[in-house]
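Going line by line, the protein sequences match chains A and B. Be aware that the first sequence starts at 1, since it is given in UniProt numbering, and climbs by one per residue. Be aware that the second sequence starts at 1, since it is given in UniProt numbering, and climbs by one per residue. Positions of the beta carbon are idealized from the N, C-alpha and C atoms, including for glycine. It should be emphasised that the depicted structure is a prediction, and the values quoted were computed from it without experimental measurement. Structure first, then comments.
2 protein chains.
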Amino acid sequence: MYEVEIKVPADLERVRNRLDELGATSTDAVVQADTYYDAPHRSFPETDEALRIRSERPERGDEVTRLTYKGPLVDDESKTREEIETAVGDGETVDAILTKLGFDAAATVRKDRERFAFEGYTITLDSVDGVGEYVEVETEVEDESGLESAREGAYEVLERIGLEPSDQLRTSYLGLLLESRSDD
Amino acid sequence: MYEVEIKVPADLERVRNRLDELGATSTDAVVQADTYYDAPHRSFPETDEALRIRSERPERGDEVTRLTYKGPLVDDESKTREEIETAVGDGETVDAILTKLGFDAAATVRKDRERFAFEGYTITLDSVDGVGEYVEVETEVEDESGLESAREGAYEVLERIGLEPSDQLRTSYLGLLLESRSDD
Numbered sequence: 001m002y003e004v005e006i007k008v009p010a011d012l013e014r015v016r017n018r019l020d021e022l023g024a025t026s027t028d029a030v031v032q033a034d035t036y037y038d039a040p041h042r043s044f045p046e047t048d049e050a051l052r053i054r055s056e057r058p059e060r061g062d063e064v065t066r067l068t069y070k071g072p073l074v075d076d077e078s079k080t081r082e083e084i085e086t087a088v089g090d091g092e093t094v095d096a097i098l099t100k101l102g103f104d105a106a107a108t109v110r111k112d113r114e115r116f117a118f119e120g121y122t123i124t125l126d127s128v129d130g131v132g133e134y135v136e137v138e139t140e141v142e143d144e145s146g147l148e149s150a151r152e153g154a155y156e157v158l159e160r161i162g163l164e165p166s167d168q169l170r171t172s173y174l175g176l177l178l179e180s181r182s183d184d
Numbered sequence: 001m002y003e004v005e006i007k008v009p010a011d012l013e014r015v016r017n018r019l020d021e022l023g024a025t026s027t028d029a030v031v032q033a034d035t036y037y038d039a040p041h042r043s044f045p046e047t048d049e050a051l052r053i054r055s056e057r058p059e060r061g062d063e064v065t066r067l068t069y070k071g072p073l074v075d076d077e078s079k080t081r082e083e084i085e086t087a088v089g090d091g092e093t094v095d096a097i098l099t100k101l102g103f104d105a106a107a108t109v110r111k112d113r114e115r116f117a118f119e120g121y122t123i124t125l126d127s128v129d130g131v132g133e134y135v136e137v138e139t140e141v142e143d144e145s146g147l148e149s150a151r152e153g154a155y156e157v158l159e160r161i162g163l164e165p166s167d168q169l170r171t172s173y174l175g176l177l178l179e180s181r182s183d184d
């Protein structure tokens, strides 16, 4: 399974109106708080790994918290990473355990996230605290041969919602948050 | 809160019969599998810490898995440790995350555990794979002044169920398992 994901800065109010005109389906809206940890025995930026606690609060229903390990890129082409994730009972307790083990919270990325379904793509509208507003267009394809046409389809979707594929950003929200802090 | 806990080797069948005669209340029975981890950046035996995944299967109902950090003894007198624990969705996934982070499973202690309530004490009958049969008598007291009489009460309970307080063992099941292996 390969994932195509394109992220661009956007004015979410305009994108929301455009999605409404196009008849895209609103699927869900959540508030996510992602805390990323530094390891005591390795430099995750150097090893290209990440350890994250994500708390997700849906519009309706209970908050869900997950612990996630992300491994380095498996290969450059597909941008595929190993991702290991499990639900945990309580984020603060997992944070306390990680802290006792010598892992330090590096930063927390908070965002309001709305998802829409449109012509086989997931369109995600993210309002990221201290970072800005972004839209992600993504889809999955079975094998590598489908990547190119999926990417072109994503560009087309971006254009139809009034966004510019060439504005594409490859930096993670964590990276953008840390950059904005170092600018201060 | 202080905990008094006394553990002695025992013939569980005899203890079970004796508890029945005394009218002790059977509270629950579970199967526990505790996996303990070594850290990549510290020696837990030296720092007197522990990191554990416990999967507990009750007689009825679903298996529950918890991640637990145990800190070093707060002081020698009370045998009190900091313990931080949270439920996790899936033990195998947490094991995979810990392994990726460089924590290695050191050993797994499996036991059948039956609990009884008797005169303010919890009596636990443990049949530990590869280690043997043990009984633990424990209770909690509000403050240090109550420790001595709680300990004497625990000795009395042990004698009433046909066990010898002087057989008391201070080694953990993990320690006993690792000792039995080094004897091989």
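Short Cβ contact (7 Å threshold) for residue i with residue j
| i | j | result |
| --- | --- | --- |
| A:R54 | A:V31 | no |
| B:E140 | B:E3 | yes |
| B:E138 | B:A10 | no |
| A:K111 | A:D90 | no |
| B:I161 | B:V8 | no |
| B:A39 | B:F116 | no |
| A:L98 | A:Y155 | no |
| B:L67 | B:T93 | no |
| B:D34 | B:R52 | yes |
| A:V131 | A:L176 | yes |
| B:E5 | B:A29 | no |
| residue 193 of chain A | A:V109 | No information on residue 193 of chain A is available, as it lies outside the stretch 1 to 184 that chain A covers here. |
| A:K100 | B:Y69 | yes |
| A:V88 | B:V128 | no |
| A:Y121 | A:V157 | yes |
Per-residue burial, residue i [other beta carbons within 10 Å of its own, 16 or more giving buried]
| i | result |
| --- | --- |
| B:R181 | exposed |
| B:E83 | exposed |
| A:A105 | exposed |
| A:L73 | exposed |
| B:E136 | buried |
| A:A50 | buried |
| A:E114 | buried |
| B:D95 | buried |
For residue i, the three-state DSSP class (helix, strand or coil)
| i | result |
| --- | --- |
| A:L22 | helix |
| A:V157 | helix |
| B:E164 | coil |
| A:R113 | strand |
| B:E152 | helix |
| B:A96 | helix |
| A:E133 | strand |
| A:L125 | strand |
| A:T27 | strand |
| A:P45 | helix |
| A:L176 | helix |
| B:L101 | coil |
| A:G146 | helix |
| B:E14 | Note that residue 14 of chain B is Arg in the sequence shown here, rather than Glu. B:R14 falls in the helix class under three-state DSSP. |
| A:R181 | helix |
Residue i - partner residues in DSSP beta bridges
| i | result |
| --- | --- |
| B:R81 | B:L73 |
| B:V4 | B:T139 |
| B:T35 | B:I53, B:T108 |
| B:R66 | B:R54, B:A87 |
| B:F118 | B:Y121 |
| residue 217 of chain A | Here chain A covers residues 1 to 184 and nothing more, so residue 217 of chain A does not appear. |
Exercise. Should the stretch 20 to 36 of chain A be regarded as contacting the stretch 163 to 171 of chain A, the criterion being three or more beta carbon pairs within less than 8 Å?
Worked result: Contact fails between the stretch 20 to 36 of chain A and the stretch 163 to 171 of chain A, because fewer than three Cβ pairs, one in each stretch, are under 8 Å apart.
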